[in-house]
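A short worksheet on the structure shown next.
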Amino acid sequence: MTTPGAMPAHVAIIMDGNGRWAKARGLPRVAGHRAGVEALRGTVRAAPDFGISYLTVYAFSSENWSRPKSEVSDLMGLLKIFIRRDLAELHRNGVRVRVIGDREGLQPDIKGLLDEAESLTAQNDVLTLVIAFNYGGRDEIARAARKLAEAAVDGRIDVRSIDAAVFAASLDTNGIPDPELVIRTSGELRLSNFLPWQTAYSELTFLPCYWPDFTRDHLAEALRDFAGRERRFGGLAPQDIAL
Ligand code: FPP
């Protein structure tokens, strides 16, 4: 159970509202995504100061392919720029990069950059930045099920050994603890296929600000909110156990 005042080790963020931020300023949507990358940089720098060890961000969902071609290409371009420009700083600051999502469907240059970012930073331990890219929760679960089914058909595992822990180890997030806190910006109240397995017991915080406006103060506010939550994981609060 989380005691009041506790801090989450893993915070996951749905960075929503880039388009509306841009529209409110009469700017093209790509300007909102660019400002979103700035907000991401600030959040990665701030996270270790709050004792956060894992930060997962939803950068491109498997459903985002349905956006206009030009926007998809802008988002791909921004990821490339982010990795090329920021990888050295991330590495210097002890950030380990992990990427979750289906990498097979990506262009070879993007796949190469993601592989490079992961291998260069693999030994870092200040913060793990988990980038969900071409990620969809149902797709992740289906891929894990397929992997286990193939292993069973090949005789590498016994079907009866499959339990929640074995299943979790087949997900893209293998080795990453579940997020205690999920933050979504822009006032939308849903999870949109983001980490459906891993968020079974996560606390959720919805902030009205658009992602490009997200600052260290918003992060502090979400963490204060989290610290006041009582987490029971299906059990009872300590004060109710003797009743
Ligand atoms: C949601 O805003 C945001 C996204 C679909 C992409 C998030 C991407 C970034 C913050 C920048 C890219 C980061 C990397 C690492 C490449 P939206 O476009 O759905 O906004 P709207 O709901 O207001 O239209």
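In terms of the numbering used here, the sequence shown opens at residue 70 and continues consecutively. Positions of the beta carbon are idealized from the N, C-alpha and C atoms, including for glycine.
Residues of its chain near residue i, where Cβ-Cβ distance is below 7 Å and the 5 sequence neighbours each way are ignored
{"i": "G105", "result": "M84, N87, W280 and P281"}
{"i": "A75", "result": "A296"}
{"i": "S255", "result": "D85, G86, R89, Y279 and W280"}
{"i": "E257", "result": "D85"}
{"i": "F283", "result": "A108, T112 and T254"}
{"i": "W134", "result": "V141"}
{"i": "G205", "result": "S130, S131, E132 and N262"}
{"i": "D294", "result": "T274"}
Reference residue i; option with closest CA among the options
{"i": "L196", "options": "R165, S130, G111 and R94", "result": "R165"}
{"i": "P246", "options": "L264, L258 and K180", "result": "L264"}
{"i": "E209", "options": "D171, S230, A238 and V222", "result": "D171"}
{"i": "K216", "options": "G206, L198, Y204 and F236", "result": "F236"}
{"i": "L147", "options": "W134, L189 and A128", "result": "A128"}
{"i": "E158", "options": "A291, P248, R293 and N193", "result": "N193"}
{"i": "G101", "options": "K138, L144, A78 and A116", "result": "L144"}
{"i": "I169", "options": "S239, S230, P277 and V141", "result": "S239"}
{"i": "F275", "options": "S139, G174 and E290", "result": "E290"}
{"i": "Y123", "options": "G206, P97, V222 and G244", "result": "G244"}
{"i": "A191", "options": "F202, A211, E173 and R161", "result": "R161"}
{"i": "A213", "options": "A91, R94 and D241", "result": "D241"}
Residues that DSSP places opposite residue i in a beta bridge
{"i": "E272", "result": "L250"}
{"i": "T125", "result": "A81 and V199"}
{"i": "V166", "result": "L198"}
{"i": "S130", "result": "Y204"}
Start-to-end residues for the beta strand (DSSP E) that takes in residue i
{"i": "V99", "result": "It is not in any beta strand (DSSP E) - V99 instead sits in the alpha helix (DSSP H) that spans R98 to A115."}
Cβ shell of residue i (< 6 Å), same chain only, five flanking positions each side left out
{"i": "T71", "result": "Model confidence at T71 stands at a pLDDT of 49, short of 50, so the residue's coordinates are unreliable; what they give is reported in the following sentence. Same-chain partners within the cutoff: R300."}
{"i": "I121", "result": "V80"}
{"i": "A186", "result": "I152, L156 and V166"}
C-beta neighbour in chain C for residue i, strict 8 Å
{"i": "R172", "result": "Here there is only one protein chain, and chain C is not present."}
Where the alpha helix (DSSP H) through residue i begins and ends
{"i": "H179", "result": "Checking the sequence shown, residue 179 turns out to be Ile, not His. It spans P177 to T190 - the alpha helix (DSSP H) in which I179 sits, taken as one unbroken run."}
{"i": "R154", "result": "K138 to R161"}
{"i": "V228", "result": "Per DSSP, V228 belongs to no alpha helix (DSSP H) and is neither H nor E."}
{"i": "W90", "result": "N87 to A93"}
{"i": "A75", "result": "Looking at the DSSP string, A75 is not in any alpha helix (DSSP H), and its letter there is neither H nor E."}
{"i": "L300", "result": "Looking at the sequence itself, residue 300 is Arg, so the reference to Leu does not match. That residue, R300, is in no alpha helix (DSSP H); it is neither H nor E in DSSP."}
Sequence-distant residues of its chain with Cβ nearer than 8 Å to residue i (five each side left out)
{"i": "K149", "result": "D178, I179 and L182"}
{"i": "D232", "result": "none"}
{"i": "Q176", "result": "M145"}
{"i": "R207", "result": "N262 and P265"}
Notebook entry, point to check: What are the complete alpha helix (DSSP H) segments, minimum 4 residues, inside the region 193-222?
Noted result: Entirely contained in the region 193-222, the alpha helix (DSSP H) runs reaching 4 residues are, in chain order, 206-222.
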